Every structure is written in structure tokens, then in C-alpha cells.
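A short worksheet on the structure shown next.
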Amino acid sequence: MKANSTKPPKRGARRRPWAVLVAISACSAQALLGAAQSQIRADESTAGAHQRQSEAGARTDPIEFVVGNVEYLLVHEIAHLLISEKNIPIIGPVENAADYIATMALLLEEPLDPTQRDRAQRFLLAAAMAFSASWEAGTSKGAEIPYWGEHALSIQRYYQIGCLLYGSDPAAFVRVPHAFGFSGERAQSCVTEYARASGAIEWVLQTYGRRPGDGPGAESEIVYEKAPTGVSTSVVQRLRSIELLERVIARLHERFTLDRPFRLVIRSCGRPEAAWMPDRRELAICYELIDTLYRLGLGAAPLVLDDARSSDQR
Ligand SMILES: [Zn+2]
Numbered sequence: 073m074k075a076n077s078t079k080p081p082k083r084g085a086r087r088r089p090w091a092v093l094v095a096i097s098a099c100s101a102q103a104l105l106g107a108a109q110s111q112i113r114a115d116e117s118t119a120g121a122h123q124r125q126s127e128a129g130a131r132t133d134p135i136e137f138v139v140g141n142v143e144y145l146l147v148h149e150i151a152h153l154l155i156s157e158k159n160i161p162i163i164g165p166v167e168n169a170a171d172y173i174a175t176m177a178l179l180l181e182e183p184l185d186p187t188q189r190d191r192a193q194r195f196l197l198a199a200a201m202a203f204s205a206s207w208e209a210g211t212s213k214g215a216e217i218p219y220w221g222e223h224a225l226s227i228q229r230y231y232q233i234g235c236l237l238y239g240s241d242p243a244a245f246v247r248v249p250h251a252f253g254f255s256g257e258r259a260q261s262c263v264t265e266y267a268r269a270s271g272a273i274e275w276v277l278q279t280y281g282r283r284p285g286d287g288p289g290a291e292s293e294i295v296y297e298k299a300p301t302g303v304s305t306s307v308v309q310r311l312r313s314i315e316l317l318e319r320v321i322a323r324l325h326e327r328f329t330l331d332r333p334f335r336l337v338i339r340s341c342g343r344p345e346a347a348w349m350p351d352r353r354e355l356a357i358c359y360e361l362i363d364t365l366y367r368l369g370l371g372a373a374p375l376v377l378d379d380a381r382s383s384d385q386r
């Protein structure tokens, strides 16, 4: 099976040809950045990564990078929760559906603070950068490529985000295909792909969402266990300062009535993962994953959409 017959990405001259394909992981296999996680070590934050950033002419705020990825991964796990709790029919891999739901949720998010109107887009770009950086980290280390995995390959997940972003507003995001490195022909299909995904989201909301007169439903609890590292402490401080988890969970309860309660817990797990565990009624985001994302963020090449994405157009 040939997993990638398209032209290689063109995210700047720093990129080398994609000779090997690697995927990031599988949350159902208890890891969201898993397949490459063993390759994403501290050495990814070393000179090579910083040099690439310098060549790209911009740097990524690694804390914001982590926070953006936390929102994407949290919504991905919430998608698993909803699909299982509501028995939402899915055709095709459920991991793809969870990815699409996460991307669409960030695209459709209504910023509560006008000064943060681009926040969701920045977070979405951070998620795309993480998939790309993880792929690159894995390929550079010769990691095994899990073609058989439940998830799309991480580089495909990167392109999926870019495709839906472009499809959401081709005029505003006219430079996205170039920035992400996909063809104009593919970009045209992204418009249809976004419209189809948007229609599916609307159908899910109408079919399974909260109806007038519904009760409050089961509640949820957010628990921050003690952060074990300086990085995870800083990330938790940022998460709490913008009330990210609280807002995402509030949005979930606004739109869906849950039959049973659950806990969202940020805790140490022994492995870098995020997971919905229905038996424990727990959605866990692990500090090990936060630390891994931070190291990944230090080496991630910024995705610059330049002036094509004017805030006036959003
Ligand atoms: Zn998943």
C-alpha cells in the first residue's frame, strides 16, 4: 500500500524530501502522539530545531503551542465520548471522525473575547504543526510507519487540518494550500469536504444535541492534579488563566445532554497520552503528553499564513 502518492510538502526550503512516512499515534491505543513519541525526546529541542525556526524567520511560543494542542486533543477525546455515549453512527475510521470533529469545533468556535478572535485558528495551526513536527521527528529517526494504525498517518492529519481550514473560507485562507504544501486541485475538493463536514456537524447537533426543555443532564468535573514539572506547571497556569478546559466543557454541556457524569483530569499517567476511558468515566490528559508536546513545540516550524488571513475577513 502506498500511503502518500501526492507531491511532498513545501513548507519552506528547510524541508527535505519525505522519503519515509511515519504516523503519530493512536489515542485508542492510549497515545495521541504515540508512534513518534519515543522519537520526540529532548534532543528535538536542540540546535537543529532552533536553526530551522531561525530559517523560517519566526518562533513558536511553546506554551501556546501546547495549549493549542491540548484544546485540539481534548475535543478529539470529547468526540470519542459523544460517539460512544450517543451511539452516533460513523462510516469509516472513528479516529478520522474524531479528528474532523476536533478541527471543525475549533473552526466553528465563537471567540468569547474579541481580542482573542484568532485564538482558535492559532490553536488549530498549532495542532497541524504538531502533526507535521511529529512526522518529521519520526522520519528523521527512522521510526516504523504504522500503516495499519487506527489513525491516519500524522502527516495526513496535518493535511486534513489544512484542507478544512482552507475549505472553511477559501478567500480568507487563499494562501493555506501553499503554506501547508498541497495542490490547488486538492484545495478545490477541500471546499466540498468542509461543506460536507459542516453539514454532518449540523446533523449531529440536530439529531443528538440538546433540545428545548431538556434538563441539565449529568454534570462533569475538572480536576487539575499537581503538575510534576516546570513546563507542565506553566502550561496549567496558562490553561487556567484562559479557562480553556472550563469553556470547552461548558460548550459540551450547552450542546449535549449527558446521561452520566464524567471527570476531566489532568494528571500523571506514566505515558504521554490523552484518552477517554468510559469504564472509569474519565477523560485524561497526561502531564507526560504536555511535556512531550512542549519539546515538540520547541522544534516545530511555524505555519505562517501571512497577510492572506486578514483578521478583518474573519
Ligand atoms: Zn482518538
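My numbering numbers the first residue of the sequence shown as 73 and each following residue consecutively. Ideal Cβ placement from N, Cα and C applies to all residues, glycine included. This one's a predicted model, so the numbers in the text were calculated from it and none came from an experiment.
Exercise. Contact check, Ile227 vs Thr175 under 8 Å by CB: the rounded distance?
Worked result: The pair is not a contact, with the Cβ atoms about 15 Å apart (cut-off 8 Å).
Exercise. In the structure shown, what three-state DSSP assignment does Cys262 receive?
Worked result: Looking at Cys262 - three-state DSSP - the assignment turns out to be helix.
Problem set entry | Cβ shell of Glu181 (< 7 Å), same chain only, five flanking positions each side left out | Taken in chain order, the residues that qualify are Ala192.
Exercise. Say the cut is 8 Å; is the CB of Val139 nearer than that to a heavy atom of ligand 1?
Worked result: No, since every heavy atom of ligand 1 falls outside the 8 Å radius drawn around the Cβ of Val139.
Exercise. Under a three-way DSSP split, which group does Ile162 fall into?
Worked result: In this structure, Ile162 counts as coil in the three-state DSSP scheme.
For this session: Could you check if Trp220 is buried or exposed, using at least 16 other CB atoms within 10 Å of its CB as the buried criterion?
Result: Answer is exposed; the Cβ neighbour count stays below 16.
Problem set entry | Run of the alpha helix (DSSP H) containing Ser212, from where it starts to where it stops | Per DSSP, the unbroken alpha helix (DSSP H) holding Ser212 starts and ends at Arg191 to Ser212.
Exercise. Which two residues bound the contiguous beta strand (DSSP E) that contains Tyr296?
Worked result: DSSP places Tyr296 inside the beta strand (DSSP E), whose first and last residues are Ser292 to Tyr296.
Problem set entry | Close Cβ partners of Thr132 (< 6 Å) along its chain, the five nearest in sequence each way excluded | Same-chain partners within the cutoff: Gly369, Ala372 and Pro374.
Exercise. Any heavy atom of ligand 1 closer than 8 Å to the Cβ of Glu265?
Worked result: For Glu265, the distance from the CB to the nearest heavy atom of ligand 1 is not below 8 Å.
Exercise. Are the beta-carbon atoms of Phe195 and Val248 separated by less than 9 Å?
Worked result: Val248 sits away from Phe195, with the two beta carbons spaced by 9 Å or more.
Exercise. Just the Cα atoms here: how many angstroms apart are Pro300 and Leu377?
Worked result: So the alpha carbons of these two residues sit roughly 35 Å apart.
For this session: Measuring alpha carbon to alpha carbon, tell me which of Ile321, Glu345 and Arg343 ends up nearest Phe334.
Result: Put simply, of Ile321, Glu345 and Arg343 the residue whose alpha carbon is nearest the alpha carbon of Phe334 is Ile321.
For this session: Could you tell me if Leu237 is buried or exposed, where buried requires 16 or more neighbouring beta carbons within 10 angstroms of its beta carbon?
Result: So Leu237 ends up on the buried side.
Exercise. Under 9 Å between the Cβ atoms of Phe328 and Lys158?
Worked result: The criterion of a C-beta distance shorter than 9 Å is satisfied by Phe328 and Lys158.
Problem set entry | Whole-angstrom distance between Gln260 and Cys341, CA atom to CA atom | So the alpha carbons of these two residues sit roughly 42 Å apart.
Exercise. Should the segment 164-171 be regarded as contacting the segment 143-156, the criterion being three or more beta carbon pairs within less than 8 Å?
Worked result: Contact between the segment 164-171 and the segment 143-156 is present, because at least three Cβ pairs lie under 8 Å.
Problem set entry | Unbroken beta strand (DSSP E) run spanning Arg339, endpoints | Arg339 -> beta strand (DSSP E) spans Phe334 to Arg339.
Exercise. What are the uninterrupted segments assigned as alpha helix (DSSP H) that are 4 or more residues long and contained completely in the segment 219-283, given in chain order?
Worked result: Listed in chain order, they are 226-240, 248-252 and 256-280.
Exercise. Can you tell me whether Glu315 is buried or exposed, with buried defined as 16 or more other CB within 10 angstroms of its CB?
Worked result: Classification of Glu315: exposed, given that the 10 Å Cβ count is below 16.
Problem set entry | DSSP-derived helix/strand/coil call for Glu345 | Reduced to three states, the DSSP call for Glu345 is coil.
For this session: Report yes if the C-beta of Arg147 is less than 8 Å from at least one heavy atom of ligand 1; otherwise report no.
Result: The sequence as given places Val at residue 147; Arg does not occur at that position. No - ligand 1 has no heavy atom lying nearer than 8 Å to the Cβ of Val147.
For this session: In angstroms with no decimal places, state the Cα-to-Cα distance between Thr364 and Arg332.
Result: When rounded, the distance between both Cα atoms is 32 Å.
Exercise. Which residue's Cα is closest to the Cα of Leu225: Ala200, Gly281 and Glu136?
Worked result: Of the candidates Ala200, Gly281 and Glu136, the one whose C-alpha sits nearest the C-alpha of Leu225 is Ala200.
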